[in-house]
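Quick notes on the structure that follows.
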Amino acid sequence: DYYSACRFYTIMKFDNELVETFKAFVGKTLPGRRYCWRLSRYQKNVKIYEEVQLERLPACQREQSSLGIKAVGLIYSHPDVIFDHLMSLDKSRSTWDSEFIDGSVVERVGEFDELVEIKMKNPFTIQNFRLKRSWIRDRDGGFTIALANVVDANSSTGEPEGLFAGWKVSRYTPSRMHDGSALPGSPRTLARPCCLVTEVSRIYPCGRQKIKFGKMADLEEELLVSRLSALKQFCEYTMDMEANRTRSAVDITAAEMVAHEHGDSATNKGYRCYAPSSGCAFNLCDSQDKNSVQEGSLGKGKWPFEAGIKSTNCWCSPDGDGFRVRGLNYLHDGKKVPAGQPLAKLFAVDWFVDYKRMDDVCSRPAGTCQRYLLGTKRGSNTSFVFAVNIQVPGARHFSIIYYYVLAAPVDADSLLGRFIHGNDHFRNSRLKLIPRVALGPWVVQRAVGTKPLIVGRALKVTYHSSQHYMEVDIDIGSSTVANNIVRFVLGYVRTLVVDMCFLIEGKRVDELPVRVLHPLNRYITNDFISRND
1 DYYSACRFYT
11 IMKFDNELVE
21 TFKAFVGKTL
31 PGRRYCWRLS
41 RYQKNVKIYE
51 EVQLERLPAC
61 QREQSSLGIK
71 AVGLIYSHPD
81 VIFDHLMSLD
91 KSRSTWDSEF
101 IDGSVVERVG
111 EFDELVEIKM
121 KNPFTIQNFR
131 LKRSWIRDRD
141 GGFTIALANV
151 VDANSSTGEP
161 EGLFAGWKVS
171 RYTPSRMHDG
181 SALPGSPRTL
191 ARPCCLVTEV
201 SRIYPCGRQK
211 IKFGKMADLE
221 EELLVSRLSA
231 LKQFCEYTMD
241 MEANRTRSAV
251 DITAAEMVAH
261 EHGDSATNKG
271 YRCYAPSSGC
281 AFNLCDSQDK
291 NSVQEGSLGK
301 GKWPFEAGIK
311 STNCWCSPDG
321 DGFRVRGLNY
331 LHDGKKVPAG
341 QPLAKLFAVD
351 WFVDYKRMDD
361 VCSRPAGTCQ
371 RYLLGTKRGS
381 NTSFVFAVNI
391 QVPGARHFSI
401 IYYYVLAAPV
411 DADSLLGRFI
421 HGNDHFRNSR
431 LKLIPRVALG
441 PWVVQRAVGT
451 KPLIVGRALK
461 VTYHSSQHYM
471 EVDIDIGSST
481 VANNIVRFVL
491 GYVRTLVVDM
501 CFLIEGKRVD
511 ELPVRVLHPL
521 NRYITNDFIS
531 RND
């Protein structure tokens, strides 16, 4: 029948072979096959392409010829949102996929491979399919998903194993073409993430349906247009709802922040933090679930991508051995060694947006430091929080705060103890930052470099301390060079992965070997920055 005839002509296995073969087919680079994609129609902002053979096939192969159809369209939504909808097999999928009835995951074969069962309806009948699904994620957030039918080895039908369907989603930067608020290229859409979505299907008619090959192709094109248009509406509606919640949460005035700092309970509910990892915000004052602020407003994830774990707009903790610091005999041989075990543990990261610069965030009763790290059972009388607040000026000020927690009491005679209790001159000469751009434009990598930096000598640093915490506020706007680099990154760089670690520089024998604060890996895409700058 029709849908069981939608298949590829080559045998494929698990791992990346299925995905790579699908990507080669989409890109017209499949070896041993001469064809091209010809634009067939343009309907509902979706382009439909048909496969055209570049050479005449022999008569024996002409009867077995098949037709590839490709639908291409833009979806103004985040790749993670599209990925979740395409991977979903619950009832919600029928909202945008009119052919889908039910589905489930039967078995996980590998990290990016699994067996699924899908029940689908078509104009002729209702069928159950057993498919293998493989996918791969790109570093910029794009991805490729390929489905192939699974044939029983004991089956006597002789049906080949091949492609059933596939999607390729890649990041896309639209050009400004119109001034309308709802049209592609408008200010509204330019401020949102955009993806180029490609869905490919291959029809292979069997039996009496060969005489209706043209009608089958038209039907398949209509199905692709309908499915891609519905997916576009569903994803963009999800982004609109999240954007509305974010806009109402982020638009707080400086007066509300000042009132909160003075303990005005009438406006205390106005203090909110922005969560780029989820696209929404939550109220630190009203939240009853203390686990919701366990990792701050910026969620914890993993990079490079790992299935089932967030990998965009997040932070994670890489191995400290990736950074080299002064060893025990550095004063004699000048050699640096891997950093090893960190001095403190990175517990949370906050990302705040306001109309003015945010100082001494750790002193706020509703903040992550006071309410969660020190104000709950997790905190103890011996806990000490070391926070670094990187302040980025602009039309709206950004603050990225890293919270390091030391479980043991700080020895006043240790290097860290002398830093905490010392004067600003000593602090400015010892606080060091080691940066590294793991993923980003070469211009940014060259500008940032990997050379360690004494922060107090290049930037204005303000220190706030109490019995249980110390906050270091680093003002990026105090340096013209640093400010230009950061503003360039926020304004033009689409994806950035930064590895960094802070440490107190040791200059004497009793201060070596140097131990770093917990290393940080931050992976942020520029989607949410453009909406709030």
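Sequential numbering of the sequence shown, starting at 1, is according to full-length UniProt numbering. Don't be surprised by glycine CBs; every beta carbon is placed ideally from N, CA and C. Keep in mind it's a predicted model, so treat the numbers as computed, not measured.
Please say whether residue j and residue i have beta carbons closer to each other than 7 Å?
i    : j    : result
N130 : E117 : According to the sequence displayed, residue 130 carries Arg and not Asn. Yes; because the gap between Cβ atoms is below 7 Å, this pair is in contact.
V353 : R396 : yes
L89  : G110 : no
S479 : L459 : yes
V497 : L415 : no
S134 : F100 : no
S40  : E50  : yes
I434 : F323 : yes
F22  : G166 : yes
V46  : A71  : yes
F419 : I504 : yes
N128 : K119 : yes
V197 : V169 : yes
V443 : V489 : no
Thinking just about the alpha-carbon of each residue, which of the options is nearest to the one in residue i?
i    : options                : result
L223 : I476, I390, Y463, I69  : I69
L517 : Y42, A230, P342, V106  : P342
D510 : G110, R326, H421       : R326
G506 : V486, T480, G417       : G417
L431 : P318, V472, C36, E220  : V472
L147 : R202, D140, P174, C195 : R202
K335 : L512, K47, S88, F347   : L512
K132 : V489, K121, R108       : R108
M470 : V461, G477, I476       : V461
R171 : V81, D475, V444        : V81
L331 : V514, K121, I401, E99  : V514
A387 : K345, T198, D411       : K345
Q233 : V150, H85, T495, I401  : H85
L67  : A217, R487, F426       : A217
T495 : L328, I401, R508, P79  : P79
S363 : R38, Y463, D333        : Y463
Rounded to the nearest angstrom, what separates residue i and residue j at their Cα positions?
i           : j    : result
R371        : E236 : 35 Å
D359        : L74  : 41 Å
D321        : W96  : 47 Å
R357        : I390 : 10 Å
residue 534 : P318 : As displayed, the chain neither begins before 1 nor continues past 533, which places residue 534 out of reach and without an answer.
W315        : R457 : 27 Å
P174        : C194 : 7 Å
A447        : K44  : 44 Å
S229        : Y355 : 39 Å
S429        : V405 : 23 Å
I485        : F502 : 20 Å
V410        : S465 : 13 Å
DSSP on residue i, reduced to helix/strand/coil?
i           : result
V509        : helix
K232        : helix
A146        : strand
N389        : strand
C316        : strand
D138        : coil
A71         : strand
T95         : helix
M87         : helix
Q341        : coil
L373        : helix
C194        : coil
Y355        : coil
residue 536 : Because the chain in this structure spans residues 1 to 533, residue 536 falls outside the shown range and cannot be described.
N484        : helix
S170        : strand
H464        : strand
A412        : coil
E111        : coil
CB-CB under 7 Å to residue i, same chain, minus the five flanking residues each way: which ones, in chain order?
i    : result
K91  : none
H468 : L374, S383, F384, V385
G340 : G320, D321
V225 : Q43, K44, V46, I48, A71
Whose C-beta lies closer than 6 Å to the C-beta of residue i among residues of the same chain, with five residues either side of it excluded?
i    : result
R436 : T450, D499
T238 : V81
P393 : G477
F83  : F143
L231 : W96
So, for residue i: in the same chain, excluding its five sequence neighbours on each side, which residues have a beta-carbon less than 8 Å away from its beta-carbon?
i    : result
Y42  : I48
R93  : H85, F100, G103
L413 : Going by the sequence as given, residue 413 is Asp instead of Leu. So no residue of the chain qualifies.
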